[in-house]
Structures are given as structure tokens and as C-alpha cells.
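First comes the structure, then the notes that go with it.
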Amino acid sequence: MMALVNRWYQVLQHFITQDRLTLEELELITNTTSQTVKKTIQLLNEQMEHVGKIVEVSGVYQLKVIDSKQFAVVMNGSLKQQMDFNSSSKRMAVLIDCFMKRQDYVMIDDLSELLGVSRSTVNKDLRNLKQLLQEFNISLIGTPNKGLLLQGQEADLRMLYLHHAYDYLEYLSLSETILLVIEEISITKKLDFRTAGLWKKVIGLTLDRIQEGNTLPTAIPYYVNYFSDDAQVEELRVTIEESYSVTLSQFEFDFLCFPLNIFNNNIVDEEVADNSIVHQLFKSMMTTIHESVIIAIDEDQLFKNLRAHFMFLINRIIFRVQTADIFGRDFRTKHAFACELAEIGIRALADVLNKPQCSAEIPYLAIYYELALKADTSGKFKEIAIVCNTGKGTALMLKRQLGNVLGPNIRIAHYSEEEYQTKDLNRYFAIFTTIPLNKTSVPTTLIKLTDLFNDNWLLGEWKRIIASKAASFENIHFNFKTLDSQKSYEENLLLMLNQLEAEKWIDGAFKSYILQKSQEESAVIENGIAFPHGINNQSDQIIAFIGSYPEKPSIEEIELVFLVAIPVDLTMEAEDELLSFYDTIFTISSSPSLRKKVKEVVSKEEYTQLLTKGEV
């Protein structure tokens, strides 16, 4: 039953963020069949009678809210509270509640009596509880003849209760005065009903814990309350203290305010936003990314663009608040490399904050990396030429239009029909022309300007050229090798390195670095793809050595090895190619059919043909 209730909330949460959902999308969301989806919606509609209804028109489902106040109650956990003790999730909630409120040793027999279930059922629930507690850095200590005792930091205990107990139990009802102030602030701060509901829970839980004598002794590491000096929120603080005869320390007040600090609904003062913690965590994240992936990004510009999102992202990870996944199924495929950077970044943040990582945050962060990668703000320029015979004025208009569409990092030269024939065109990344060119051999890419003032067409042609040039991999030296499934990954990797060293493509320092990294951490991305890589001082060319296990994976379940040696200094074209090659790796990792095809590739030409066919 609890699995069904959780599925209800999963469906409702997606309808909050997406106005319409198809049956296929709901199948993916719930990881069930179409029949199960339809039954889930039928049962949910029965539970929400007079509150809301999910309707279907021509295969598209929509949520119609009838009573917004009651719907807010539903979304804040009322359906979960109705579950009896046949639900393991509710029994878990009661166990958490018992341990936290008793604050003393509890015997298993007492728990069995409390829940009305057998000792064996209690023991099974306790095993599950211990696994859950590990995620919150909380321990369940057993002492003979005494029982069990819950031990952990107060902030962690509260988060455990908030996420796994609060919705299933009766809790403190806030006064009408407090609720009115919360409603006023929610409107001013543009809080949705989900966040406003969470805020009410946090206030109720905070007051419960304070009244029981359990207070926060210290600040929560890395957490920043951006509303500590807000006059309206301070008014709420005073109202709470007067209504409940309590004194809120700054630690308690900050904790109580965390729902205000998890989503970027408000404009935060620049001075408040520009704090050392945000800078510190951003630098830490970027350091980890640079250790994993060799790529140039304008970090100052990235931070400027990212900060407003990043400061609230930190708080969401700290307080384990899940953001809604509004991205389609193909987002990660289309933006594979940006998502890989985001995944590394989220993992790095979670490690520093000592919290679980949240995969739903990856696409949001990936957007900023995608923009940074496409911005090309490294100070490098692509030089292009315009060939036309329509006069200086028209040429200037063309230059302006191209600059507006292609961005600031291009340099544009203009030539007449007579002039271009005397120029060396090898230097140009591309040539835009309004006239047929008589020169028999133009050693660069041509774009015939047929629809100059169609921005989408022009940008599409530009992206096509960049992709085509990058896909040619002119700056990448390829090697291919069939690996031995009887040997370990490290043994095969050593053979690959020895071959490159013998051919003078790498030096001993690169070889030692790769071997050391393989001992310290796994180079496996996912789905049997290993990606060892590093800086190489031996060659000015990018080295890509692809090793494959054609018959069966290695003993470590590795199918393909992409060994990449990157020169210290990259030209702009080489950097584009490297990005394109990275994208192919991560795309291949997500496709079993592509992995099979790549195993059959024995040349650079065959690899690029896969790209040309649009398969990678």
C-alpha cells in the first residue's frame, strides 16, 4: 500500500511542474506499465474526491485542482497519515518518533507492543532503519539488558524526522496568528504551496524539539540564511517567541528559515549573496572537475552566471530537498558532456557537505556548463571571411548580422569578388559568401548566404560547420587495440601505455600518472566504459587510444577503454574536437548498440563514419 501512496505523490509532483503529461511519460515517471498508470490515476482520483482530479483528453493527462487549500493539505502528507501499521514506512516513522522522544534506551519488546507486531517484524524494521540512519550520520546503539538508543547530531535527527516521520504522524498545530504571518510572507516571497507547507512543518518540528529540551548547539556547516535580517521574517520570529514562550537562538532561527533558502524565488541582496562559503564550495567543485576532466572554462564568467542558482543548490543538498525533474528523457543524451561535468560537480559538493548526492540536480547544473562550453569566452577567436560585391554598406550590415547571431568571439574580414582570389583563405574557419566563388579550390568551409536574416537558419549552419570540423578529428591521433579478457584492466592499460611510449607519443611521466590514478580511483564512467586521461607533455597532438573487449567484458566488467592524452596547450580547433570526442564517449556509454559497433571499429575513418551517420 505504501508503494502505491508514494506513487501517488510522485505523479502529483510531476503534474505540479508540468501542465500536461502523456501516458508514455507517466510510464517512465512511475517505472510501470500503462495499465498500472491508469489504475494508479483511478485510485488517486478516488482519494482526492472533491479536492482534485486527473483527467485524460486524447491521450494527454492534466491535473484539475478543485479545492486549492485541501489540495495543499494532500501535498503536505495527509494521504500518508492515513496508512495503518501494515505499512512498513509508517512503522519506520513511529520507530523514529519513539526513539527521538524517549531519548533513552528502548527495549524491543516495548517496540513490539507499541506497533502491535511481532518481534521478528520489529527486528526486520530495525535493520531497515539502521540502513536509513547511515544516510543521516545517525547511529542506533544496542546495549545488553538496556535496549536501543538513537545517537546523532540534533540537526541530522531533525532532518531524519522531517523526511521520514513527520508526514505519517500527528504533529503540532500552529496557531492561527502564526499561520497568518506565514501566509503573508509566502505571498511576498513567492513560495509555492509545497515550500510553504514544508515551512509549516519545519516551524512545528523546531518548536516541538525546543519544548522537549533539544536545541541546536551550533550552526549548520556551510548553510547560509539569506533572510536573517529580513524585517518580515523577523516579525515572524517575534510572533513565535511571544505565542509559544520560547527564545529562538540564531541557530534555531536559521534552521527554522531554511525553506526560504532552498529555491531562488527571491532577489537576494548582492552583498549577502557574495559570501565566502559560496565562493569556497564553487572553487572546491571546479577543482574536482579539473582533476577529472581536462577542459578550459572561464570560471569567473561561469560563477557569475551560476551563483544565483548555486547558493540555493548548496542549501538543497544540505537539507536534502528534492527538486522536481522537469527535463525530458533525451536531455542527457543531447548534452552528455555537460551532464558529466554536472554529475562530477554534484558528487563533489555532496562529499564536502557530507550529504547524499541528488541526481535530479544534474540537468539544472548542466545547463550552466553547456552555456560555458558553448560561450567560447577563453579569449580565442574564430576568424571568418565575408565575400560579397554589394558594397561597403551591405558588407557592414552583413558583419553586424553575423556578429549578433554568432556571438562576440569571431573576427570578420570582408573581401570583394576580386580581392578574395588574391588572399590566403587557409587562415579562416569559414567563408560566408553571397556570390558563387570561381576559385576551384577553397581550402575551408563555405556557407552560401541564402537567408541571412533568418537567425535560426544562420545559427544552424554555423553549428553544422563547427560540428563537422570537430567530427573530423584532424587534431586527434587515434590508436585501436583489441584487449585480452583474461587480463585485468590494469594489465591491459599497461600494454596500451607501453605501446604509446614505444611509439614516442607519451613520456614516462604520463604513463606513471595514469597508472597511479588507476590505483587511487576508478576510471570507469558507467556501463562498462573506462576513461583514463591526463596531460601529456610529449606531443602537441591529442592522443586517443581506444581499447575494446570484443567477445566479453573484462573481469572488472569493462567493455571499452578510452585512453586520452591531452597536450598542455590546445588550439581552439583542437579544443572543439576534444569536446566533440568527449561527447561521443558519453553518448556511446548510454547506448548498448553503439558500444557494440565501436568494438568493431579499427580506424579513425570508421569511427568518424559513425558520427557522419548521426549514430554517435
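My numbering numbers the first residue of the sequence shown as 7 and each following residue consecutively.
We put the CB at the ideal spot given by N, CA and C, even for glycine.
Next item on the list: Confirm, please, whether the CB-CB distance from Val112 to Gly65 is below 8 Å.
Entry: Residue mapping note: residue 65 aligns to position 59 of the sequence shown, counting from 1. Residue mapping note: residue 112 aligns to position 106 of the sequence shown, counting from 1. No. Outside cutoff.
Check: Measuring CA to CA, which of Ser586, Ile226, Pro369 and Lys45 is closest to Ile352?
Finding: Reading the sequence shown from its first residue, position 346 is the one you call residue 352. Residue Pro369 holds the alpha-carbon nearest to the alpha-carbon of Ile352 among Ser586, Ile226, Pro369 and Lys45.
Next item on the list: Tell me whether Lys75 is buried or exposed, calling it buried when 16 or more other Cβ atoms sit within 10 Å of its Cβ.
Entry: The residue you call residue 75 lines up with position 69 of the sequence shown. That one is exposed.
Check: Starting from Lys75 and walking both ways along the beta strand (DSSP E), at which residues does that stretch end?
Finding: As a working note, residue 75 is residue 69 in the sequence shown. Taken as a continuous stretch (DSSP letters only), Lys75 belongs to no beta strand (DSSP E), being part of the alpha helix (DSSP H) at Ser74 to Val79.
Check: When the distance is taken between beta carbons, is Ile531 closer than 8 Å to Ala571?
Finding: The residue you call residue 571 lines up with position 565 of the sequence shown. The residue you call residue 531 lines up with position 525 of the sequence shown. Contact: no.
Check: Any idea if Lys96 is buried or exposed, counting beta-carbon neighbours within 10 angstroms, 16 or more meaning buried?
Finding: As a working note, residue 96 is residue 90 in the sequence shown. Counting other Cβ atoms within 10 Å of its Cβ, Lys96 reaches 16 or more and is therefore classed as buried.
Notebook entry, point to check: Hey, would you say Met502 sits closer than 8 Å to Lys523, going by beta carbons?
Noted result: Indexing the sequence shown from 1 puts residue 502 at position 496. Indexing the sequence shown from 1 puts residue 523 at position 517. Lys523 is positioned such that its CB atom lies no closer than 8 Å to that of Met502.
Check: Does the beta-carbon of Arg215 have 16 or more other beta-carbons within 10 angstroms, so that it is buried, or is it exposed?
Finding: Along the sequence shown, read from residue 1 onward, the residue named residue 215 stands at position 209. By the neighbour-count rule (16 or more Cβ atoms within 10 Å), Arg215 is buried.
Note to self: DSSP has Lys454 in a bridge; who is on the other side?
What the structure shows: What you label residue 454 is simply residue 448 of the sequence shown in a count that begins at 1. According to DSSP, Lys454 bridges with Thr439.
Note to self: What does the alpha-carbon distance come out to for the pair Lys130 and Gly148?
What the structure shows: Translated into the one-based positions of the sequence shown, residue 130 becomes position 124. Translated into the one-based positions of the sequence shown, residue 148 becomes position 142. Straight through space, the alpha carbons of Gly148 and Lys130 are spaced by roughly 15 Å.
Checklist line | Cβ pair Thr428, Val393 closer than 8 Å | finding: For the purposes of this step, residue 428 is identified with residue 422 of the sequence shown, where counting begins at 1. For the purposes of this step, residue 393 is identified with residue 387 of the sequence shown, where counting begins at 1. Not in contact: Thr428 and Val393 (Cβ atoms no closer than 8 Å).
Notebook entry, point to check: How big is the Cα-Cα spacing for Arg322 and Tyr229?
Noted result: Locating residue 322 in the sequence shown gives position 316, where the first residue counts as 1. Locating residue 229 in the sequence shown gives position 223, where the first residue counts as 1. Near 10 Å, if we compare the C-alpha coordinates of Tyr229 and Arg322.
Checklist line | Between the CA atoms of Ala78 and Gly203 - distance to the nearest angstrom | finding: Along the sequence shown, one-based indexing puts residue 203 at 197. Along the sequence shown, one-based indexing puts residue 78 at 72. For Gly203 and Ala78, the distance between alpha carbons rounds to 7 Å.
Next item on the list: Decide if Thr446 is buried, meaning its Cβ has at least 16 other Cβ atoms within 10 Å, or exposed.
Entry: Numbered from 1 along the sequence shown, position 440 holds the residue referred to as residue 446. Any reading at Thr446 must be qualified, since the residue scores a pLDDT of 45, below 50, and its modelled position is unreliable; no value is offered.
Margin query: In the DSSP assignment, the beta strand (DSSP E) including Phe486 goes from what residue to what residue?
Written below: Residue numbering aside, residue 486 sits at position 480 when the sequence shown is read from its first letter. If you look at Phe486, you'll find it in the beta strand (DSSP E) that goes Ile482 to Thr488.
Checklist line | Given Gln256 as reference, the closest of Asp582, Leu222 and Ala372 once Cα atoms are compared | finding: For the purposes of this step, residue 256 is taken as residue 250 along the sequence shown, with counting starting at 1. Closest in alpha carbon position to Gln256, among Asp582, Leu222 and Ala372, is Leu222.
Next item on the list: Please list, in chain order, all residues of the same chain as Tyr613 whose beta carbon is under 6 Å from its beta carbon, the five residues on each side excluded.
Entry: To locate residue 613, count along the sequence shown from 1; it is residue 607. If we look at Tyr613 and ignore the five residues flanking it on each side, its Cβ neighbours are Val607.
Checklist line | Reduced DSSP secondary structure (H/G/I, E/B, other) of Leu180 | finding: The residue labelled residue 180 in the question sits at position 174 within the sequence shown. Note: Leu180 maps to coil in three-state DSSP.
Margin query: Output needed for Tyr172: all residues of its chain with C-beta closer than 6 Å, excluding positions within five of it in sequence on either side, in chain order.
Written below: Taking the first residue of the sequence shown as 1, we reach residue 172 at position 166. So the qualifying residues of the chain are Lys207.
Margin query: Is the beta carbon of Val567 closer than 8 Å to that of Asn498?
Written below: Here residue 498 is taken as the residue at index 492 of the sequence shown, counted from 1. Here residue 567 is taken as the residue at index 561 of the sequence shown, counted from 1. In this structure, Asn498 places its C-beta atom within 8 Å of the C-beta atom of Val567.
Checklist line | Straight-line gap, Glu480 to Asp575 (C-alpha atoms, nearest Å) | finding: Here the question's residue 480 lines up with position 474 in the sequence shown. Here the question's residue 575 lines up with position 569 in the sequence shown. Roughly 16 Å separates the two Cα atoms.
Checklist line | Backbone CA spacing between Ser298 and Tyr588 [nearest angstrom] | finding: Position 292 of the sequence shown, counting from 1, holds the residue named residue 298. Position 582 of the sequence shown, counting from 1, holds the residue named residue 588. If you take the alpha carbons of Ser298 and Tyr588, they lie about 12 Å apart.
Check: In this structure, what does DSSP give as the bridge partners for Gly153?
Finding: Taking the sequence shown and counting its residues from 1, one reaches residue 153 at position 147. Beta-bridge pairing links Gly153 to Thr149.
Note to self: Measuring CB atoms only, is the region 300-314 touching the region 549-560, in the sense that at least three cross pairs come out at less than 8 Å?
What the structure shows: Between the region 300-314 and the region 549-560 there are fewer than three inter-stretch CB-CB distances shorter than 8 Å, so the stretches are not counted as touching.
Margin query: Our contact map puts Ser290 next to Ala391 with C-beta atoms below 8 Å; I'd like the distance itself, whole angstroms only.
Written below: Mapped onto the sequence shown, residue 290 falls at position 284. Mapped onto the sequence shown, residue 391 falls at position 385. Beta-carbon to beta-carbon, Ser290 and Ala391 are separated by about 44 Å, too far to satisfy the 8 Å threshold.
Next item on the list: Return the bridge partner residues of Asn542 from the DSSP annotation.
Entry: Translated into the one-based positions of the sequence shown, residue 542 becomes position 536. Partner(s): Pro573.
Item checked: Short Cβ contact (8 Å threshold) for Leu29 with Ser40 -> As a first step, residue 29 is located in the sequence shown; it is residue number 23 there, counting from the start. As a first step, residue 40 is located in the sequence shown; it is residue number 34 there, counting from the start. Between Leu29 and Ser40, the gap from beta carbon to beta carbon is short of 8 Å.
Note to self: Let me make sure I understand the geometry here. Which of Leu138, Ile591, Met98 and Leu69 has the alpha-carbon closest to that of Pro362?
What the structure shows: For this step, residue 362 is matched to residue 356 along the sequence shown. Closest by C-alpha distance to Pro362, out of Leu138, Ile591, Met98 and Leu69, is Leu138.
Checklist line | Leu101 and Leu135 closer than 8 Å at C-beta | finding: Within the sequence shown, residue 101 is the residue found at index 95, counting from 1. Within the sequence shown, residue 135 is the residue found at index 129, counting from 1. Yes, these two residues count as a Cβ contact at 8 Å.
Next item on the list: Spell out the partners DSSP gives Val393 in its beta bridges.
Entry: As a first step, residue 393 must be located in the sequence shown, where it is residue number 387. For Val393, which the question treats as bridged, DSSP gives the partners Tyr421 and Thr439.
Check: What three-state label does DSSP hand Ala550 in the structure shown?
Finding: Sequence index remark: in the sequence shown, residue 550 carries index 544 (1-based). Strand.
Item checked: Buried versus exposed call for Ile193 [16 or more other C-beta atoms within 10 Å across all chains shown] -> Taking the first residue of the sequence shown as 1, we reach residue 193 at position 187. Taking all protein chains in view, the Cβ of Ile193 is surrounded by fewer than 16 other Cβ atoms within 10 Å, so the residue is classified as exposed.
Check: Under 8 Å, do Ile268 and Val327 count as touching if we go by C-beta distance?
Finding: Residue numbering aside, residue 268 sits at position 262 when the sequence shown is read from its first letter. Residue numbering aside, residue 327 sits at position 321 when the sequence shown is read from its first letter. The beta carbons of Ile268 and Val327 sit closer together than 8 Å.
Notebook entry, point to check: If you follow the alpha helix (DSSP H) that Val128 is part of, which residue opens it and which one closes it?
Noted result: For this step, residue 128 is matched to residue 122 along the sequence shown. Looking at the DSSP string, the run of the alpha helix (DSSP H) that includes Val128 is Arg125 to Glu141.
Note to self: Does Tyr167 come out as helix, strand or coil in the three-state DSSP assignment?
What the structure shows: Taking the first residue of the sequence shown as 1, we reach residue 167 at position 161. Correct three-state label for Tyr167: helix.
Item checked: Beta-bridge pairing of Phe568 - partner residues as DSSP gives them -> Indexing the sequence shown from 1 puts residue 568 at position 562. Per DSSP, the beta bridge partners of Phe568 are Ile552.
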